[in-house]
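Number of protein chains: 2
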Amino acid sequence: MTRVDVSDDSLFGRDNLPYGVFSTPGSEPRVGVRLGDSVVDLALVLNDDVFARPSLNPFMAQGRARWAQVREELGVRLEGDLPDDAVHAISEVRLHLPFDVADYVDFYASEHHASNLGRLFRPDAEPLMPNWKHLPVGYHGRAGTVVVSGTDVVRPCGQRKAPDETAPTFGPSRRLDIEAELGFVVGAGSGFGQRVPTADFDEHVFGAVLVNDWSARDIQAWEYVPLGPFLGKSFATSISPWVVPLDALQQARVQTPRQDPQPLPYLQEAKPWGLDIDLTVEWNGDVVSQPPYREMYWSPAQMLAHQTVNGASVRTGDFYASGTISGPEKEQRGAFIELTWGGREPVMVAGEERTFVADGDEISISATAPGSSGGRIGFGEVRTRILPAQQEPL
Amino acid sequence: MTRVDVSDDSLFGRDNLPYGVFSTPGSEPRVGVRLGDSVVDLALVLNDDVFARPSLNPFMAQGRARWAQVREELGVRLEGDLPDDAVHAISEVRLHLPFDVADYVDFYASEHHASNLGRLFRPDAEPLMPNWKHLPVGYHGRAGTVVVSGTDVVRPCGQRKAPDETAPTFGPSRRLDIEAELGFVVGAGSGFGQRVPTADFDEHVFGAVLVNDWSARDIQAWEYVPLGPFLGKSFATSISPWVVPLDALQQARVQTPRQDPQPLPYLQEAKPWGLDIDLTVEWNGDVVSQPPYREMYWSPAQMLAHQTVNGASVRTGDFYASGTISGPEKEQRGAFIELTWGGREPVMVAGEERTFVADGDEISISATAPGSSGGRIGFGEVRTRILPAQQEPL
């Protein structure tokens, strides 16, 4: 038997307990929980086959009462001795996509980001659209290309047209960018034609992950009118492997920024789900930005209420991301197009001036939040390396 | 034993053989093929459990060689006697959603429709955006709310703001509309980071269905800048229950309209996949429009090549629709906002002047195409009734 030791300053203490899907050389992918630098095999420890699956979906579909029960049971079990074969060093496991993504929606909930992108994409107009402070603007993204941290991403090709060109050309994106976001995964679904009020957010949402919503700005700029981003985003969305349960984020709950004008009743919250989470963006190992989630204008409960207010159902595995997290300061911007102001103000990365992502670059996004034990809890990271574009002729 | 009789003028002759998922009071949902007014149980006739499933996905995932083999085998088997319990009258079965939808993409491939909507949504600008003739404009829709013909749809609520109002209000959509479209379902997937050239269209796409892409125009008009349609579309997308295989559409293949400027090489086709399909839209039983698919500017092979040219993979069950099918004539317009010119030119339905869809209305879209036996083949129909909005306060 083994007892898992956790240092007091670990970001994966007993107040965190995020869920993921792991495999070892000898096992198929299955559900685990992270404690310190160990991964605990839940099917073995809890003797429940719902965890002997390659996805969190079957467990998430069991609903909030069961999520609470498992967390409580883990609190007890992880204090004691565990079977040796149920405990693996984090360095010895492979981590997989933690859930099967049903629908994927991306919001646009940072006022700083939306204002900055408005200035960059539409320099002659008001930066914020008239609807922006009335509803959480969002759109559907591609669920089939959500990949886990560690998955290499090939630079996308596509059509792009500079303002001074008369026709588009085809080729590798020249303005490959990141978007540092937080994503929320739905565990318990809702019915076709029904709404999910803001107060029911934690009945449906299971937990949160980090997101890098890869963006090819040149492809996006040419294609996005009038129906929104498509190929500029759909080639890849990277997420972190550990799903931090909402129950671990209670200490991080804060007010959202003041919302003026007051939102319509269906978007109001008795106790807002603002979240005090600090992100860090590293570019080839250099910290280039530290986006603060607490600055997000719309809360994830408002995002869920909005996306279902027309009767659209949510399903187990539905996934929605916040949109780029940007604070008011330059070094708090969660996308390089903002950080380098459209490529006109390079930043220094490992001693070189850089604007957009180059082949071979490695981007990592990590985050921490206040935990319930007085310290901090971690989200782990989403790390991706960019490979050169496919070069064969078409 | 039973032999299925088919009249010579049936739209479901031996040159059609669409696949669907059906159940009887005594059976779980399983795969069937339609012949005349009968549904044939494929698991029984072909003795293959891949058809004893509630979805076409496992069969579709087997790929084109297997699809061709099954169609050939059916051609032989359906000429002869079949076990009594393998044949059901169409009137005695319930039809289900024929496949599990992975990602759903909606295109915008009719020049007449895009031009009409441009004039209606942006009266002071050029009707077609500069990108429209260079690429098939599209966006991701909600896969989880794709429903089969016969599923009632509740009128959506949401935010809408008339130009003369200072703030949005919340309530039931006042401009509920249809979009008559053709949809294509992917059987065999592709790899992450790989492209599907136009020539490989029929290696990946299994077949086609009819689509009614429900649209709340007032919600859409307020929300859609800058990231595209979201709640104005996501409440429901209705499809017909029979998937017509591409092999049944060979006789319907025609040239697409002349494409000028010439598309980039990745969008060019050696033999275009234009399709000579005639749709009919009925509003409470009155024919109000007959959209011609042959007028569509972009072919479904071009749509597939475009959506994967950035390396986005496709999966079994991925589904993409053409966008509203509108011809050059008024009575060929596939959306009511066009047919009634933004509600300003009502049409007569059962003796009444009508503009948008009212509670209790029933909309049916059907279609036929030339078959290989000299007659025509049918797609069946997608029929939906609209229920009043949820009225409880929020």
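Protein chains in written order, with UniProt numbering: chain Z, 1 to 394; chain X, 1 to 394.
Using N, Cα and C, we set each Cβ at its ideal position, and we do this for glycine too.
{"Item": "Could you check which residue in X/Asp37, X/Arg64, X/Val33, X/Ala68 has the C-alpha nearest to that of phenylalanine 51 of chain X?", "Value": "X/Val33"}
{"Item": "Is glycine 351 of chain Z helix, strand or coil when you go by DSSP?", "Value": "coil"}
{"Item": "Going by DSSP, name the residue or residues bridged to glutamine 159 of chain Z.", "Value": "Z/Phe170"}
{"Item": "Pick from X/Val45, X/Gln194, X/Pro58, X/Arg64: whose alpha carbon is nearest that of aspartate 81 of chain X?", "Value": "X/Val45"}
{"Item": "With DSSP collapsed to three states, give me the class of phenylalanine 235 of chain Z.", "Value": "coil"}
{"Item": "Per DSSP, isoleucine 386 of chain Z is paired with what?", "Value": "Z/Val153"}
{"Item": "Grouping DSSP H, G and I as helix and E and B as strand, with all else coil, what is histidine 134 of chain Z?", "Value": "coil"}
{"Item": "Valine 93 of chain X to serine 23 of chain X, Cα distance in whole Å?", "Value": "6 angstroms"}
{"Item": "If you reduce the DSSP assignment to three classes, tell me which class valine 101 of chain X lands in.", "Value": "coil"}
{"Item": "Who are the neighbours of proline 261 of chain Z on chain X, taking C-beta pairs under 9 angstroms?", "Value": "Ala167"}
{"Item": "According to DSSP, simplified to helix, strand and coil, what is phenylalanine 184 of chain X?", "Value": "strand"}
{"Item": "In chain order, what residues of the same chain have a beta carbon less than 6 angstroms from the beta carbon of tyrosine 108 of chain X, not counting five sequence neighbours either side?", "Value": "Ala114, Val137, Gly323"}
{"Item": "Going straight from the alpha carbon of glycine 378 of chain Z to that of leucine 279 of chain Z, what length do you get?", "Value": "10 angstroms"}
{"Item": "Span of the beta strand (DSSP E) holding alanine 321 of chain X?", "Value": "319-321"}
{"Item": "Hey, out of X/Arg174, X/Arg119, X/Gly63, X/Gly327, whose CA is closest to glycine 189 of chain X's CA?", "Value": "X/Gly63"}
{"Item": "In the DSSP assignment, what residue or residues form a beta bridge with phenylalanine 107 of chain X?", "Value": "X/Gly138"}
{"Item": "Along chain Z, in chain order, which residues have C-beta atoms closer than 8 angstroms to that of serine 234 of chain X?", "Value": "His140, Gln307, Asn310, Ala312"}
{"Item": "Please list, in chain order, the chain Z residues whose beta carbon lies closer than 8 angstroms to that of arginine 315 of chain X.", "Value": "Gly144"}
{"Item": "May I have the straight-line CA-CA distance separating glutamate 381 of chain X from serine 364 of chain X, to the nearest angstrom?", "Value": "6 angstroms"}
{"Item": "Find the nearest neighbour of tryptophan 214 of chain Z within the set Z/Leu56, Z/Ala358, Z/Ser7, Z/Gly36, judged by alpha-carbon distance.", "Value": "Z/Ala358"}
{"Item": "So what's serine 27 of chain Z in DSSP terms, helix, strand or just coil?", "Value": "coil"}
{"Item": "Does any CB atom of chain X fall closer than 8 angstroms to the CB of methionine 129 of chain Z?", "Value": "yes"}
{"Item": "Going by Cα to Cα distance, which pick from X/Arg160, X/Gln259, X/Leu210, X/His306 is closest to phenylalanine 184 of chain X?", "Value": "X/Leu210"}
{"Item": "Tell me, please, which residues DSSP counts as bridged to histidine 88 of chain Z.", "Value": "Z/Val39"}
{"Item": "Bridge partners for glutamate 381 of chain Z per DSSP, in chain order?", "Value": "Z/Ser366"}
{"Item": "Can you check whether the CB of isoleucine 386 of chain Z is closer than 8 angstroms to the CB of glycine 360 of chain Z?", "Value": "yes"}
{"Item": "Strictly under 8 angstroms for the Cβ-Cβ distance: is alanine 52 of chain X near chain Z by that measure?", "Value": "no"}
{"Item": "Quick check: what's the CA-CA separation for glycine 375 of chain X versus alanine 43 of chain Z?", "Value": "59 angstroms"}
{"Item": "What residues of chain Z sit near valine 229 of chain X, judged by a beta carbon separation below 7 angstroms?", "Value": "The identity of residue 229 of chain X in the sequence shown is proline, whereas the question assumes valine. The answer, in chain order, is Leu227."}
{"Item": "Does the distance from the C-beta atom of isoleucine 325 of chain Z to that of aspartate 177 of chain Z stay below 8 angstroms?", "Value": "no"}
{"Item": "Using the rule of at least 16 other Cβ atoms within 10 Å of the residue's Cβ for burial, across every protein chain shown, is arginine 354 of chain X buried or exposed?", "Value": "buried"}
{"Item": "Expressed to the nearest angstrom, what Euclidean distance is found between the alpha-carbon atoms of threonine 91 of chain X and tryptophan 242 of chain X?", "Value": "According to the sequence as given, residue 91 of chain X is serine; it is not threonine. About 15 angstroms."}
{"Item": "Check each candidate in Z/Pro328, Z/Ala335, Z/Asp318 and name the one with the smallest Cα separation from glycine 144 of chain X.", "Value": "Z/Asp318"}
{"Item": "Does the structure place the region 265-276 of chain Z close enough to the region 300-315 of chain Z that three or more beta carbon pairs sit under 8 angstroms?", "Value": "yes"}
{"Item": "Look at the alpha carbon of serine 10 of chain Z and the alpha carbon of aspartate 276 of chain Z, and state the distance between them as a whole number of angstroms.", "Value": "19 angstroms"}
{"Item": "How about threonine 316 of chain Z and valine 186 of chain Z: do their beta carbons lie closer than 8 angstroms?", "Value": "yes"}
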